[in-house]
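What follows is a short report on a single structure.
2 protein chains.
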Amino acid sequence: MRVLVIEDHPDLAANLGDYLSAQGHSVDFAGDGPSGLNLASSDAHDVIVLDRLLPGMDGATLCRKLRERGKLTPVLMLTALDTVPNRVEGLAAGADDYLVKPFSLSELAARLNALHRRASGWSGGSGVLQVADLTLDPETAEAHRADTRLELTRAERRLLEVLLRRSPRLVSRAELERTLWGDNVPDGDVLRAHMHNLRNAVDKPFATKLIHTVHGEGYRLVASAP
Amino acid sequence: MRVLVIEDHPDLAANLGDYLSAQGHSVDFAGDGPSGLNLASSDAHDVIVLDRLLPGMDGATLCRKLRERGKLTPVLMLTALDTVPNRVEGLAAGADDYLVKPFSLSELAARLNALHRRASGWSGGSGVLQVADLTLDPETAEAHRADTRLELTRAERRLLEVLLRRSPRLVSRAELERTLWGDNVPDGDVLRAHMHNLRNAVDKPFATKLIHTVHGEGYRLVASAP
DNA sequence: TTCACGCTTGACGCTGCCTTGACGGGGGCT
DNA sequence: AGCCCCCGTCAAGGCAGCGTCAAGCGTGAA
Numbered sequence: 001m002r003v004l005v006i007e008d009h010p011d012l013a014a015n016l017g018d019y020l021s022a023q024g025h026s027v028d029f030a031g032d033g034p035s036g037l038n039l040a041s042s043d044a045h046d047v048i049v050l051d052r053l054l055p056g057m058d059g060a061t062l063c064r065k066l067r068e069r070g071k072l073t074p075v076l077m078l079t080a081l082d083t084v085p086n087r088v089e090g091l092a093a094g095a096d097d098y099l100v101k102p103f104s105l106s107e108l109a110a111r112l113n114a115l116h117r118r119a120s121g122w123s124g125g126s127g128v129l130q131v132a133d134l135t136l137d138p139e140t141a142e143a144h145r146a147d148t149r150l151e152l153t154r155a156e157r158r159l160l161e162v163l164l165r166r167s168p169r170l171v172s173r174a175e176l177e178r179t180l181w182g183d184n185v186p187d188g189d190v191l192r193a194h195m196h197n198l199r200n201a202v203d204k205p206f207a208t209k210l211i212h213t214v215h216g217e218g219y220r221l222v223a224s225a226p
Numbered sequence: 001m002r003v004l005v006i007e008d009h010p011d012l013a014a015n016l017g018d019y020l021s022a023q024g025h026s027v028d029f030a031g032d033g034p035s036g037l038n039l040a041s042s043d044a045h046d047v048i049v050l051d052r053l054l055p056g057m058d059g060a061t062l063c064r065k066l067r068e069r070g071k072l073t074p075v076l077m078l079t080a081l082d083t084v085p086n087r088v089e090g091l092a093a094g095a096d097d098y099l100v101k102p103f104s105l106s107e108l109a110a111r112l113n114a115l116h117r118r119a120s121g122w123s124g125g126s127g128v129l130q131v132a133d134l135t136l137d138p139e140t141a142e143a144h145r146a147d148t149r150l151e152l153t154r155a156e157r158r159l160l161e162v163l164l165r166r167s168p169r170l171v172s173r174a175e176l177e178r179t180l181w182g183d184n185v186p187d188g189d190v191l192r193a194h195m196h197n198l199r200n201a202v203d204k205p206f207a208t209k210l211i212h213t214v215h216g217e218g219y220r221l222v223a224s225a226p
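Have a look at this one:
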């Protein structure tokens, strides 16, 4: 998930960035209102974390301008004070959710995921799939990780596509098998071999592993360290 | 939308009623705890506005009793004081959201709409489960408590999911066993071992215990021992 | 036809989970 | 108080699930 963080406190921004990228999201930053609005208008992000107090332009104003430009990227607003006028104005400005400081990082991440899920439900996905530094373009069938091209077979590509589309959710073995062979799944446990090959291509040459197995359940594609 | 307002201040109740009915909702009233619980148990409302301070029965107690009866109607709790224990207890009692007085009627209406939408859309199916600072996302199979990730096995995860879904209600051993093994439950008392492991992961490292056992009956997952 | 690539099959060994059984403590009923 | 049943705790064994690898087979392209 591509997250844009608009926040002027460097330490808080760094905290957010660390946590979110550890969860496998790619994070962009803006330190003031105008540059935040520019980046937000680029349609390059799945969700936006927006501080209420910003140099150059107020967070609510930024959100309002963004909506006026027709951008529908979900916005999670951070407010320092939990006062009634504060909340109302934030939501009225077009924010989709808000969070009062201090907040827990896990709650923030959960809310971002919820926003993203809700939004991607009715707007469809953009072309290229991405988790952490791993990308796959279903159109060109090209996969990259950290600027190096991955050589994938057809089965491996299909597996990777499903895992990316469902990320960070868990995908059962049965579901993976259905996407490969439809209704007539071959005997034995062929999936294991393909997962092994996919791992050799995607995870083996790199430091952080993205493909994780959940014993007895299936597989999931995330960047978090087990 | 059918709204039930449980509130003992006549003027505030009248205000709420006027505003909500002006928005096209039908509104019922209760002025004290016991009658409120009765009306709330009738399953005739889409959402409930519940004051924290009530004659006859505390709002949190009412909410807890309502959940114990298996009623899942979304509850928006009104609290006079915005303290952390206050919030936690309200949410632990089974409330879905809370609002601190004084609040604006427009925000109340917006939150009621959000609760209703969420309830009718997801209908208890998916979404992240939460009790106190413990969360579990059935989709990603990830569990957290207070920003730390919990390593759970399949059996532990299933147990936790049932306990969270039924929280704060009691869950019998038989029911827990059925969710783990279906109809053919193994001999002996394997459940004890799994509950022990689950506790080691969920409660052992933390100060407050969430899993409570009811002697001879089963288990329940709540923040405070009733 | 020949070649090459990818898919399938099967075997082997390991990790981790589930199960089993035993012991001790505590709560409830008489 | 005393008994009994229920429950917490722990360790060890067994087994299912999984990673790994190598070799055979099918299929498409030159």
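In order, the protein sequence lines correspond to chains A and B. Residue 1 is where the first sequence starts when you use our numbering, and the numbers rise one by one after that. Residue 1 is where the second sequence starts when you use our numbering, and the numbers rise one by one after that. Built from N, CA and C at the ideal position, the CB exists for glycine as well.
If you measure between the beta carbons of residue i and residue j, is that distance less than 8 Å?
| i | j | result |
| --- | --- | --- |
| A/Leu78 | A/Asp46 | no |
| B/His215 | B/Val222 | no |
| A/Pro10 | A/Ile48 | no |
| B/Leu115 | B/Asp97 | yes |
| A/Ala141 | A/His194 | no |
| B/Gln23 | B/Ala109 | yes |
| A/Leu152 | A/Ala201 | yes |
| A/Asp43 | A/Lys71 | yes |
| A/Arg173 | A/Leu191 | yes |
| B/Arg157 | B/Leu180 | no |
| A/Leu62 | A/Gly36 | yes |
| A/Leu231 | A/Ala40 | Residue 231 of chain A lies beyond the residue range present for chain A, which begins at 1 and ends at 226; the question has no answer from this structure. |
Just reading off the alpha helix (DSSP H) that residue i is part of, what are its end residues?
| i | result |
| --- | --- |
| A/Glu68 | 59-68 |
| B/Ser104 | Run containing B/Ser104: none; DSSP gives neither H nor E here. |
| B/Asp11 | 10-22 |
| A/Arg169 | Segment: none, A/Arg169 is in no alpha helix (DSSP H) and carries neither H nor E. |
| A/Leu37 | 33-40 |
| B/Ala201 | 190-202 |
Does residue i pass the burial test, meaning 16 or more other C-beta atoms within 10 Å, or should it be called exposed?
| i | result |
| --- | --- |
| A/Pro186 | exposed |
| B/Gly125 | Per-residue confidence for B/Gly125 stands at a pLDDT of 33, beneath the threshold of 50, marking its modelled position as unreliable; the derived number appears in the next sentence. By the 10 Å Cβ count, B/Gly125 comes out exposed. |
| B/Ser26 | exposed |
| A/Ala143 | buried |
| B/Ala225 | In this prediction, B/Ala225 has a pLDDT of 46, which is less than 50 and means its spatial position is unreliable; nothing more can be read from the coordinates. |
| B/Glu7 | buried |
| B/Thr135 | buried |
| B/Gly59 | buried |
| B/Ala14 | exposed |
| A/Ala207 | exposed |
Let me make sure I understand the geometry here. Which of the options has the alpha-carbon closest to that of residue i?
| i | options | result |
| --- | --- | --- |
| B/Ser21 | B/Asn184, B/Glu142, B/Val3 | B/Val3 |
| B/Asp137 | A/Ala30, A/Val128, A/Arg169 | A/Arg169 |
| B/Gly90 | B/Ser104, B/Leu72, B/Arg64 | B/Arg64 |
| A/Leu54 | A/Pro34, A/Leu180, A/Glu139 | A/Pro34 |
| A/Ser106 | B/Arg220, B/Met57, B/Arg149, B/Val5 | B/Arg149 |
| A/Asp147 | A/Gln130, A/Leu198, A/Leu160 | A/Gln130 |
| A/Val171 | B/Glu139, B/Ala80, B/Val5 | B/Glu139 |
| A/Leu198 | A/Val100, A/Leu176, A/Val128, A/Gly59 | A/Leu176 |
| B/Met1 | B/Leu66, B/His196, B/Lys101, B/Leu112 | B/Leu112 |
| B/Pro205 | B/Arg165, B/Arg145, B/Val162 | B/Arg145 |
| B/Arg166 | B/Lys209, B/Gly182, B/Leu99, B/Tyr219 | B/Tyr219 |
| B/Leu12 | B/Ala80, B/Gly182, B/Asp203 | B/Ala80 |
| A/Asn38 | A/Val5, A/Leu210, A/Gly188 | A/Val5 |
What are the boundary residues of the beta strand (DSSP E) that residue i is part of?
| i | result |
| --- | --- |
| B/Val131 | 129-131 |
| A/Gly218 | 218-221 |
| A/Leu50 | 47-51 |
Per DSSP, which one or two residues make a beta bridge with residue i?
| i | result |
| --- | --- |
| B/Ala174 | Its beta-bridge partners do not exist; DSSP assigns none. |
| A/Asp28 | A/Leu4 |
| B/Ala143 | B/Leu136, B/Leu150 |
| B/His212 | B/Arg220 |
| A/Thr79 | A/Val100 |
With a threshold of 7 Å, establish whether the CB of residue i neighbours any heavy atom of the ligand PLP.
| i | result |
| --- | --- |
| A/Leu176 | You won't find the ligand PLP in this model; it holds no ligand whatsoever. |
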